[in-house]
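Novice: Heads up: the sequence lines are chains L and Y, in that order. Residues 8 to 209 in the working numbering are what the first sequence lists, from first letter to last. Residues 43 to 364 in the working numbering are what the second sequence lists, from first letter to last. All residues carry an ideal CB built from backbone N, CA and C; glycine is no exception. Pasting a structure below so you can have a look.
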Amino acid sequence: MAVSVQKTDVVRLDQCDPNFIREVEEAGGVNVQACYQCGTCTGGCPTVFAMDYTPRQIIRMVHLGMKDEVLSSMSIWVCSSCYTCQTRCPRGVHITDVMSALKSISIREGRTPANPKGPVFYKTFVDIVEAYGRMWELELSLKFTNKAEPEIPNKLAMLLRDAPLGLAMFTKGKLPLAPHKILNIGQIRSIYENIRAVEGEK
Amino acid sequence: MRYAYYPGCSLISSAKEYNIATKAMFEALGMDTPDIEDWNCCGATAGHAINHNLSLALPARNLAIAEESGAKTIIAPCSECFHNLATVNKQLRENDHERRLVNSVLADADLEFKGKTEVKHALDVVANDVGTDFLRENLKHDLSKLKIAPYYGCLVVRPPDIATFDRLENPQTMDNIAKALGAEVVDYADYKTACCGGALILPKEDVALKLIKNLLLGAKRAGANCIIVPCPMCHMNLDAKQQLVEETFGISIDIPVLYFPQLVGLGLGLDPATVGLDKNITSPKRILDLLGIEFTGEIEVPGVSIALEEEGRTKRLVFELR
């Protein structure tokens, strides 16, 4: 019987990256190779309705080395890190950690993300922590809105929409206008610098 | 010194009432819980998404400082902080390669991770170290008019190798605390460990709002008049974003969301302002009236509406103060 296969369904192994699985493990994705494709992860995932590939598919694509497809997927930016999949996985695959590893590889390589707001949020967050040693939510929300909404009318609309909540939080003393910088900020700077040096050696 | 307290970044700003209530609760329980000196951010979910080694090193600095102070147990009230501190504590104890790497990163700060402390969530400390019997014996104010939906969220029960103090799929610690205080606990098993979207509320708001809507409607349907939570991210989503959920989906919720130490504090006879109830966004006045507790120190928030009005080609901003 002739089987017709749609071109988009074909996995081109010559375009796959056999080192990708190793890369994912090094970035924190423990046990990714142990997956036997049961789909328990997908069954329990609370955000799968907004994903283009299910968590099970993402893991299989990592096995096959489909790096470009995985890193340009929406799925990795829709994962909320709730650990339901990792908790229920009968094979001990650290699926949530795999998702985090995929985010970090995508950001490190400067890939074009399916949800540009993802990298903007995470990068802005760790930059603020590098500057003060702690989060400063006012700077995070303003910088995030500014970078995540490139169009000026959208920026304004978001700021206006969130202004009443911001005012309520400010009135209740929950929105400090200055950061709580830690005393030994030099220690945080040296941690960031040393991490950069470690990553540079790879 | 036995305990060291790690507030975390949310608790000194958007979750200030959680900090106030937790400290007031521990004081009322006669516990000494000094802050970890000059603590830093644990990296939250962003640390993991940027760099694995950074997500190890940021919590490790706090662990090393706490160890040096002689603390035996670190208390983290924030589920994300608890998750990060406990994960790194376990991982660096078990993985020699990662411990050496992190200690080399910390060396310039003159700090070393030795793995001599344990990390506990504040909920674990109250449920298991203090115990519900103690709460029952010291109950000052009857809370039997409250119908509580206990929302646990993700990281106090998952993953199972880190969050070990409660049941995975149908946790009981907050249920038991609420019952010990005389409150009724509604059947919320379908939602108590479902995800609220966490930090996705910023980079993927539409997805997070759907999840929050389900949790809030689930509590309403179960007949709850109050939700309790053990996490500032859950609280941000269920309390502060409640109005946005109502507007987005055209529904009415209006249910107060309390941090569990606020509930414990009320039961122990502390007044609303002492447990920071003046700082919750969705007003808890309704349940305080129900309990016959006078809402001292309620903060008036100036009502403001800001809208962009369009008239043909002209656009103007309209501010309205009430």
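1. Quick check on Y/Tyr301: does DSSP put it in helix, strand or coil?
2. In whole angstroms, give me the CA-to-CA distance for Y/Ile54 and L/Phe177.
3. Closest to Y/Thr235 by C-alpha separation, out of Y/Pro272, Y/Thr115, Y/His163 and Y/Tyr45, would be which residue?
4. Please list, in chain order, all residues of the same chain as Y/Phe302 whose beta carbon is under 6 angstroms from its beta carbon, the five residues on each side excluded.
5. Can you confirm whether L/Lys41, when its beta carbon is compared against all beta carbons of chain Y, has any partner nearer than 7 angstroms?
6. Is Y/Val249 helix, strand or coil by DSSP?
7. Along chain L, in chain order, which residues have C-beta atoms closer than 9 angstroms to that of Y/Ala66?
8. Quick check on Y/Asn322: buried or exposed, where buried means 16 or more other Cβ atoms within 10 Å of its Cβ?
9. Just by C-beta distance, which residues in the segment 167-201 of chain L are closer than 7 angstroms to chain Y?
10. Between which two residues does the alpha helix (DSSP H) harbouring L/Ile159 extend?
11. From the DSSP secondary-structure annotation, give me the bridge partner or partners of Y/Glu351.
12. Looking at chain L, is there any beta carbon in it that lies within less than 7 angstroms of the beta carbon of Y/Pro63?
13. By the three-class DSSP mapping on this structure, what secondary structure does Y/Thr115 have?
14. Note down, in chain order, all residues in the segment 104-121 of chain Y with a beta-carbon under 9 angstroms from any beta-carbon belonging to chain L.
15. Note down, one range per segment and in chain order, each alpha helix (DSSP H) of at least 4 residues found wholly within the segment 98-124 of chain L.
16. Could you give the residue range of the beta strand (DSSP E) that holds Y/Glu140?
17. Check this for me: beta carbons of Y/Lys189 and Y/Leu333, under 7 angstroms apart or not?
18. Does L/Phe27 come within less than 7 angstroms of chain Y when only Cβ atoms are used?
19. Could you please give the first and the last residue of the uninterrupted alpha helix (DSSP H) stretch that includes Y/Glu289?
20. Report yes if the CB atom of L/Ile202 is closer than 7 angstroms to the CB atom of Y/Leu96, and no otherwise.
21. Give the list of continuous alpha helix (DSSP H) stretches no shorter than 4 residues that lie fully inside the segment 29-60 of chain L.
22. Do you know offhand how far Y/Val343's Cα is from Y/Pro326's?
23. Taking DSSP's pairing of strands, which residues face Y/Asp77 in a bridge?
24. Per DSSP, which one or two residues make a beta bridge with Y/Lys189?
25. Taking just the CA atoms, how far does Y/Asn61 sit from Y/Tyr233?
26. Could you check what DSSP says for Y/Ile335 in three-state terms: helix, strand or coil?
27. Taking a contact to mean a Cβ-Cβ separation below 7 angstroms, would you say Y/Leu185 touches Y/Leu127 in this structure?
28. So which residues on chain L does Y/Gly311 lean against when the C-beta distance must stay under 8 angstroms?
29. Could you say if the segment 194-204 of chain Y and the segment 117-132 of chain Y meet the contact criterion of at least three C-beta pairs nearer than 8 angstroms?
30. For Y/Val161, list the residues DSSP reports as bridge partners.
Specialist: Here's the rundown:
1. DSSP places Y/Tyr301 in strand when its eight states are reduced to three.
2. Each residue's alpha carbon lies about 13 angstroms from the other.
3. Among Y/Pro272, Y/Thr115, Y/His163 and Y/Tyr45, the Cα nearest to that of Y/Thr235 belongs to Y/Pro272.
4. In its chain, beyond the 5 residues on either side, Met216, Ile270 and Pro272 have a beta carbon closer than 6 angstroms to the beta carbon of Y/Phe302.
5. A quick correction: the sequence has Ala, not Lys, at residue 41 of chain L. Chain Y, which has no Cβ nearer than 7 angstroms to the Cβ of L/Ala41, makes this no.
6. Three-state DSSP puts Y/Val249 in a helix.
7. Correct list: empty, because the minimum Cβ distance to chain L is about 16 angstroms.
8. Counting Cβ neighbours within 10 Å, Y/Asn322 comes out buried, since at least 16 surround it.
9. Within the segment 167-201 of chain L, the residues whose Cβ lies closer than 7 angstroms to some Cβ of chain Y are Leu167, Ala170, Pro171, Leu172, Leu174, Ala175, Met176, Thr178, Lys179, Gly180, Lys181, Leu182, Pro183, His187, Ile189, Leu190, Asn191, Gln194, Ile195, Ser197, Ile198 and Asn201, listed in chain order.
10. Residues Ile159 to Thr178.
11. As DSSP reads the structure, Y/Glu351 sits in a beta bridge with Y/Arg358.
12. The displayed chain sequence assigns Ala, not Pro, to residue 63 of chain Y. With respect to chain L, the C-beta atom of Y/Ala63 has no partner C-beta closer than 7 angstroms.
13. Strand.
14. The segment 104-121 of chain Y vs chain L, Cβ under 9 angstroms: nothing.
15. Taking 4 residues as the shortest admissible run, the segment 98-124 of chain L contains the following complete alpha helix (DSSP H) segments, listed from N- to C-terminal end: 102-115.
16. Going by DSSP, Y/Glu140 is part of no beta strand (DSSP E) but of the alpha helix (DSSP H) stretching over Asp138 to Leu148.
17. No. Outside cutoff.
18. L/Phe27 does not count as touching chain Y.
19. For Y/Glu289, the uninterrupted alpha helix (DSSP H) run begins and ends at Gln284 to Phe291, by DSSP.
20. Taking 7 angstroms as the Cβ cut-off, L/Ile202 and Y/Leu96 qualify as a contacting pair.
21. Complete alpha helix (DSSP H) runs here, min 4: 47-51.
22. Computed Cα separation, rounded: 14 angstroms.
23. Residue pairing for Y/Asp77: DSSP places it in a beta bridge opposite Y/Tyr47.
24. Paired residues: Y/Glu226.
25. Rounded to the nearest angstrom, the two C-alpha atoms are 25 angstroms apart.
26. Shown here, Y/Ile335 sits in coil according to DSSP, grouped into three states, outside any helix or strand.
27. Here Y/Leu185 is not near Y/Leu127, since their CB atoms are 7 angstroms or more apart.
28. The contacting residues do not exist; Y/Gly311 stays about 24 angstroms from chain L at best.
29. At 8 angstroms Cβ cutoff, the stretches touch.
30. In the DSSP assignment, Y/Val161 is bridged to Y/Ile116.
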